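J.:
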Amino acid sequence: MPRDSEAEIHRAAAGGYDAQAAAYVTGRPDYPEAVADWLATDLDLRPGRSVLDLGSGTGKFLPYLRATGATTVAVEPVAAMRAQLAIQHPDMVVYAGTAESIPLDSDSIDAVVCAQSFHWFANAGALAEIARVLRPGGRLGLIWNVRDESVPWVAALSRITDPHEGGAPRYRTGAWRTLFPAPGFGPLRERRWPHAHRGTPEAVIVDRTLTVSFVAAMPDPERAGIAAAVRALVADTAELAGKDVVSFPYVTAAFSCVRS
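Okay, here's the thing in structure tokens:
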């Protein structure tokens with residue numbers, strides 16, 4: 009395991025997630041109920057099995073993994089995110105490490121799950137390391153909550169943030185898909201479900217935007233400008249303006265494959 013795991017990850021992830029780890033907890037959505045069936049059926053998670061939450065962040069996906077009854081461990085490179093994870097899940101085993109240097113033994117895990125994280129380390133070295141820790145027949149699961157940009161105000165929100173992304177890896181570019189089919193793994197199986205994050209506009213729209221990695225890594229004056237633009241969008245959108253509770257629409261995309 010590298011001495012400084014944060015030195016080996018993308019600067020937008022290291023800087024942004026370090027700065028906004030606490031806001032990540034409230035600003036990010038949970039996952040739809042259908043995830044439970046995906047974990048049981050596609051990833052074969054149940055009591056007696058083991059699973060690694062790779063790039064665990066603040067542990068948003070951990071409750072779903074632990075609910076399967078499988079023994080669960082987490083790996084997260086950013087210290088501030090690990091600190092938030094410890095607050096949310098004080099009894100959780102969490103290691104500092106990266107996808108390219110996982111601090112677990114070979115053939116020791118039945119499943120590896122990457123929730124909102126795989127695009128950050130979508131490279132051959134990471135896949136080889138994931139294959140190393142997986143037992144033969146083990147499963148790799150990738151899952152993302154993706155903004156539903158078929159909704160006009162969601163598309164307008166993306167137009168506020170996209171010009172600032174600066175080449176940061178993102179699910180929506182599809183670059184991560186070029187690794188598949190991958191050596192040592194079977195074909196990807198894909199599932200999708202509609203989802204929504206309900207809460208105050210400040211929490212589910214403004215905070216969510218400010219926790220986007222490249223926005224979170226901005227200097228404070230630039231982040232304040234993004235926040236102001238998002239609040240203006242809320243004020244100018246009839247279905248959002250003046251509402252105590254709003255619904256941010258997402259599509260949850262989940263993928264799985266088997267270590268051959």
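In short: position in the sequence shown from 1, add 8, done, that's my numbering.
For glycine and all other residues, C-beta sits at the position ideal for the given N, C-alpha and C.
Just so we're clear, the structure is a prediction, and the values are computed from it rather than from any experiment.
1) So what's Ala130 in DSSP terms, helix, strand or just coil?
2) If I measure Cβ to Cβ from Arg1 and keep anything under 8 Å in the same chain, skipping five residues before and after, which residues do I get?
3) Contact check, Val43 vs Arg147 under 8 Å by CB: the rounded distance?
4) If I'm right that Tyr258 touches Pro37 with Cβ under 8 Å, what's the distance once you round it to whole angstroms?
5) Mind checking which residues open and close the alpha helix (DSSP H) that includes Glu198?
6) In the DSSP assignment, find the beta strand (DSSP E) that holds Pro71 and state where it starts and stops.
7) From this set, Asp228, Val238, Gly194, which residue's C-alpha is nearest Asp215's C-alpha?
8) I'd like the ranges of any beta strand (DSSP E) spanning at least 3 consecutive residues and lying wholly in the stretch 109-196.
9) Using CA atoms only, rank isn't needed, just tell me which of Arg200, His203, Ala204, Arg143 is closest to Val120.
10) Closest to Thr2 by C-alpha separation, out of Pro40, Gln124, Asp52, would be which residue?
11) For Asn131, count neighbouring Cβ atoms within 10 angstroms of its own Cβ and tell me buried if that reaches 16, exposed if not.
12) Does Lys68 pass the burial test, meaning 16 or more other C-beta atoms within 10 Å, or should it be called exposed?
13) Run through DSSP, which three-state label would Val214 get?
14) With DSSP collapsed to three states, give me the class of Thr245.
T.: This is what the structure holds:
1) Looking at Ala130 - three-state DSSP - the assignment turns out to be coil, as it is neither helix nor strand.
2) Here the chain covers residues 9 to 268 and nothing more, so residue 1 does not appear.
3) Taking C-beta atoms under 8 Å as the contact rule, Val43 and Arg147 fail to qualify, at a distance of about 14 Å.
4) So it is a contact: roughly 6 Å between Cβ atoms.
5) No alpha helix (DSSP H) contains Glu198, which is instead part of the beta strand (DSSP E) from 197-207.
6) Not the beta strand (DSSP E): Pro71 falls in the alpha helix (DSSP H), residues 70-74.
7) The shortest Cα separation from Asp215 among Asp228, Val238, Gly194 belongs to Val238.
8) Counting only runs of at least 3 residues, the stretch 109-196 fully encloses the following beta strand (DSSP E) elements, listed from N- to C-terminal order: 117-123, 142-155.
9) Cα-wise, what sits closest to Val120 is Arg143.
10) Missing from the structure shown is residue 2; the chain here goes from 9 to 268 and no further.
11) Around the Cβ of Asn131, a 10 Å sphere holds fewer than 16 other Cβ atoms; the residue is exposed.
12) By the neighbour-count criterion, in which a residue is buried when 16 or more other Cβ atoms sit within 10 angstroms of its Cβ, Lys68 is buried.
13) Val214: helix per DSSP, three-state reduction.
14) Reduced to three states, the DSSP call for Thr245 is coil.
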